[in-house]
Structure formats: C-alpha cells, structure tokens
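Chemist:
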Amino acid sequence: MRVFYYAVTSNFGDHMNSWLWPRLIPELLAQKSNDVLIGIGSLIQADVGKLQGNKIVFGTGSGYGPMPLPSEVRDWRVYCVRGPLSARMLGLPAEKAVVDGAWLVDSLPEFRFRERERRGTVFVPHWTTDLYANWRQPCREAGIRYVSPFLDGAAVLDSIAGAELAIVESLHGAIMADYYRVPWIPVATGERVLSFKWLDFCLSLGLRFRPIHLPITDSIERAIVPAPEDEWSSGVRYMPEAVEADFAEVPRARHTPVSWQYRMKVKAKALARPARTGAWRAINALRETAPLRAAFRPRSQALADLLQAIAQEPSLLSSDSLRERKLEQLTQCLEQFRSDFGVRS
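Structure below.
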C-alpha cells in the first residue's frame with residue numbers, strides 16, 4: 001500500500017502523512033499491493049480518480065478543483081472524510097463525515113493531548129503567507145510567537161499545544177489547535193482563503209466560520225498579490241461568514257481534456273515551485289536585514305497592534321464532549337481499516 005498526499009511543499013499539515021501513517025499502519029505500508037491510501041489534506045478532486053490502484057479514503061477533505069464522478073467514487077473504500085461538505089460532494093452518508101484525519105495523533109503517545117502549562121499566543125500563517133508576506137516582525141513586536149508551517153511537524157504541534165491562544169490562517173493549525181484544546185481565531189488573506197475546506201472542518205465540529213481579514217503587509221507582497229488601497233487598512237475587519245448554502249452546487253469533471261489540462265497545470269506549478277520558494281526565502285532574508293526592518297517599522301507596529309486587537313476577539317473551540325465523540329469515531333474507523341486489511345489490534 002502506498003500513501004498519496006501533497007508532497008510538493010514541506011507544509012506541516014500535508015507532511016503529517018509522511019510520519020503518521022507509518023506509525024499507524026506499518027504492516028500495510030510494507031505490503032506490495034495495488035492499494036493507495038488518500039491521506040490527510042484537501043485531496044479529493046477529480047484527478048484522484050485517475051490514480052492507479054484501489055482508492056482508500058481516510059479523514060480526507062475536498063475543496064480544490066472539480067469533484068470525481070459518482071460512478072468513480074462507488075469503487076472507493078471510504079472510511080471517513082473531514083466534514084459534511086466533503087461527504088455530500090462525494091454522495092456519502094452523513095455518518096462518514098467524522099473529522100480531519102490529523103486528529104489521529106491521538107493514537108501516538110508522544111503527540112497525544114496532555115495537560116501542560118500554556119503560555120502566550122501563536123500565529124500560524126498559511127504556507128503561501130509564510131513565503132510572500134512579512135508577519136515575522138509584527139509578531140515579534142506584538143509579543144506573539146510566529147510559527148512557520150514549514151517547520152518540522154513535531155515542532156509545530158508542540159508550539160500550538162503549548163499556547164493559550166492560536167491565531168491561525170493555516171487550516172491544519174486550526175485543526176490541531178482544536179485537538180489540543182487551544183482556543184483559536186481564524187484569519188485570512190483574501191486571495192488565499194478557501195472557505196469550502198474551512199467550513200467543512202468547522203461544520204464537523206458545530207462551529208461557524210467567519211475569519212478576520214489580514215491586510216497586505218508590505219510593498220513586496222503587494223507586487224505579488226494585487227490589492228485595492230483598503231487592503232492596507234490595519235483595523236479588525238471580518239470577512240463574510242461562509243455558510244453551507246454557498247456550496248449547494250457540486251462541480252464535477254465533465255470529460256478527459258479538462259482533466260488533462262488540469263493535470264498539466266498542476267505539474268507545471270510543481271516544477272516551478274522549488275525555484276519560486278528559494279527566491280522568496282532569499283527575499284525574506286533581506287526583509288530581516290537592519291535597513292529593511294527599520295524602513296518597515298511604522299507599518300510593522302500598525303500590524304502588531306492589529307494582531308493584539310485580533311487576540312482580543314472571540315475565539316473558537318469545539319466542546320469537550322463533541323471532541324471525545326469524534327475521537328471515538330475516528331478510532332473506530334482506524335480499527336475497521338486495520339481489520340479489513342487483516343491487521344490485528
């Protein structure tokens with residue numbers, strides 16, 4: 001069995017697949033078979049149907065690109081999905097909507113929730129924001145710990161678990177904050193928010209999704225993300241609330257050429273990403289030089305004030321009882337998965 005996930009970046013949420021599954025199902029991954037496990041992430045879309053092998057879905061979400069045809073999904077073995085939107089998009093019964101598979105860390109003693117001392121606030125950006133935007137200096141000035149989603153997964157989880165509050169643009173930052181019982185506040189840069197996947201997760205826990213808008217940080221970011229003048233505003237501004245009715249229609253792949261074009265686009269972006277990432281990391285290193293830090297300081301202070309104001313806004317957290325129920329369901333799904341493939345507990 002092999003695991004399919006988005007390995008192009010080193011974003012911690014996607015790369016949980018690289019260390020979580022080998023711990024949970026080592027026997028299955030050691031077997032040579034035609035089975036492919038579609039793992040953690042927003043992976044369910046039409047082109048997944050083109051993967052070679054018997055598809056197995058566990059705790060996965062959807063949200064990018066058109067959906068596979070119902071005739072394809074009928075041949076998949078689906079144990080659970082991230083939330084009710086993904087379940088509906090795939091034509092699955094409601095009970096298949098459990099929670100994101102990242103909560104399987106509950107099965108690993110070193111990552112399982114435990115009572116511990118909590119201190120301060122963390123800010124976990126989306127991985128594109130980590131590359132393009134300039135939030136490190138404002139976080140320092142606000143006394144908020146900046147947690148890059150490109151850090152080692154264990155380091156990211158430890159930072160989130162040890163915080164009193166998490167300001168999160170990373171979806172898996174929010175997912176893990178809720179697991180670790182850390183109140184969280186969703187934020188979003190307009191160009192980078194995908195409301196579907198956020199709402200899918202929030203609905204699985206009975207939460208609403210209305211993120212606070214993050215403005216453009218500096219002229220470098222603005223050159224990449226064209227934005228109107230009010231994108232510079234640093235006041236607390238909520239984005240429109242996402243609701244289930246916004247996603248009543250199910251976009252599906254229509255014919256092969258569309259799927260072929262989509263695959264070529266994805267491959268082209270993947271090939272270009274290493275060079276682009278390296279260039280942005282060089283730019284971020286320049287942002288940390290004394291002259292640019294000094295030039296950025298007035299704007300940085302305004303953004304620091306914004307972060308401190310955001311931290312005073314109402315936060316989200318699922319109920320303890322619902323969390324326990326979701327973990328029980330997830331454990332049952334994992335046990336069924338292992339049993340179906342001949343692994344004894």
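Here the sequence shown stands for residues 1 to 345, where the numbers follow UniProt numbering. From the three backbone atoms N, C-alpha and C, an ideal C-beta is built for every residue, glycine too.
Would you check if the distance between the CB atom of Asn34 and the CB atom of Asn54 is smaller than 7 Å?
Modeler: yes
Chemist: Using 8 Å as the Cβ pair cut-off and three pairs as the minimum, do the region 5-15 and the region 45-53 touch?
Modeler: no
Chemist: Considering Ile167, what are the terminal residues of the beta strand (DSSP E) in which it resides?
Modeler: Leu165 to Val168
Chemist: Give a yes or no on contact between the region 83-91 and the region 147-164, applying the rule of three or more CB pairs nearer than 8 Å.
Modeler: no
Chemist: Pull up the DSSP beta-bridge partners for Arg77, would you.
Modeler: Ile56
Chemist: What would DSSP say about Arg297, mapped onto helix, strand or coil?
Modeler: helix
Chemist: Would DSSP call Pro183 helix, strand or coil?
Modeler: Residue state, collapsed to three classes: coil.
Chemist: What residue from Gly101, Ala242, Ile144 and Ala97 has the CA that sits closest to Gln301's CA?
Modeler: Closest option to Gln301, Cα to Cα, is Ile144.
Chemist: Identify the residues that DSSP records as bridge partners of Leu330: which are they?
Modeler: According to DSSP, which records beta bridges pairwise, Leu330 is partnered with nothing at all.
Chemist: So, is Leu108 buried or exposed, given that buried needs 16 or more other C-beta atoms within 10 angstroms?
Modeler: exposed
Chemist: Is the Cβ-Cβ distance between Val236 and Ala309 less than 7 Å?
Modeler: yes
Chemist: Keeping to the same chain, check which residues put their C-beta closer than 7 Å to that of Glu70; ignore five residues upstream and five downstream.
Modeler: Contrary to the premise, residue 70 reads as Pro rather than Glu in this sequence. Closer than 7 Å at Cβ, skipping near neighbours: Gly91.
Chemist: Below 6 Å CB to CB, which residues in the same chain sit around Asp214 once its five sequence neighbours on both sides are set aside?
Modeler: Note that residue 214 corresponds to Leu in the displayed sequence, not to Asp. Closer than 6 Å at Cβ, skipping near neighbours: Val187 and Thr189.
Chemist: From what residue to what residue does the beta strand (DSSP E) around Val156 run?
Modeler: Taken as a continuous stretch (DSSP letters only), Val156 belongs to no beta strand (DSSP E), being part of the alpha helix (DSSP H) at Gly153 to Ala161.
Chemist: To the nearest angstrom, report how far apart Arg2 and Trp76 are at their CA atoms.
Modeler: 15 Å
Chemist: Pull up the distance between the alpha-carbon of Ala248 and that of Lys197, whole angstroms please.
Modeler: 14 Å
Chemist: Gly40: which of Asp14, Trp19, Phe209 and Ala311 sits nearest, CA to CA?
Modeler: Position check: residue 40 holds Ile in this sequence, whereas Gly was assumed. Taking only the C-alpha atoms, the option nearest Ile40 is Asp14.
Chemist: Please classify Ala94 as buried or exposed, where buried requires at least 16 neighbouring CB atoms within 10 angstroms.
Modeler: exposed
Chemist: As a quick exercise: from Ala311, Gly59, Ala282 and Gly63, pick the residue whose alpha carbon is nearest that of Val182.
Modeler: Ranked by Cα distance from Val182, the options Ala311, Gly59, Ala282 and Gly63 are led by Ala311.
Chemist: Anyone know if the C-beta pair for Ser318 and Asp106 falls short of 7 Å?
Modeler: no
Chemist: State the DSSP-derived secondary structure class of Asp106, mapped to helix, strand or coil.
Modeler: helix
Chemist: What is the DSSP secondary structure of Phe12, reduced to helix, strand or coil?
Modeler: Residue state, collapsed to three classes: helix.
Chemist: Hey, quick one: how far does the alpha helix (DSSP H) through Asp35 stretch, first residue to last?
Modeler: Counting along the chain, Asp35 falls outside any alpha helix (DSSP H), though it belongs to the beta strand (DSSP E) covering Asp35 to Ile38.
Chemist: Nearest-angstrom Cα distance between Glu169 and Glu115?
Modeler: About 25 Å.
Chemist: Check whether chain B comes within 7 Å of Leu203, counting only Cβ atoms and requiring the distance to be less than that.
Modeler: You won't find chain B in this structure, because it holds only one protein chain.
Chemist: If contacts are defined as beta-carbon pairs under 8 Å, then Thr121 and Ile167 qualify, I think. What distance do you get, rounded to the angstrom?
Modeler: 6 Å
Chemist: Let me make sure I understand the geometry here. Which of Trp127, Ala142, Asp340 and Ala294 has the alpha-carbon closest to that of Trp280?
Modeler: When each option's Cα is compared against that of Trp280, the closest is Trp127.
Chemist: At what residues does the beta strand (DSSP E) containing Leu43 begin and finish?
Modeler: Ser42 to Ile44
Chemist: Note down the Cα distance separating His255 from Ser62, rounded to an integer number of angstroms.
Modeler: Legend: pLDDT at His255 = 48, less than 50; position of this residue unreliable, no value from coordinates given.
Chemist: Going by CA-CA distance only, name the one from Gln336, Ser42, Arg293 and Arg344 that's closest to Cys139.
Modeler: Nearest C-alpha to Cys139: Arg293.
Chemist: Which residues share a DSSP beta bridge with Ile212?
Modeler: DSSP output for Ile212 lists Val187 and Tyr238 as bridge partner(s).
Chemist: Going by other Cβ atoms of all chains shown within 10 Å of its Cβ, with 16 needed for buried, is Glu221 buried or exposed?
Modeler: buried
Chemist: Which same chain residues, not among the five before or five after Trp21, have their C-beta less than 6 Å away from its C-beta?
Modeler: Val3
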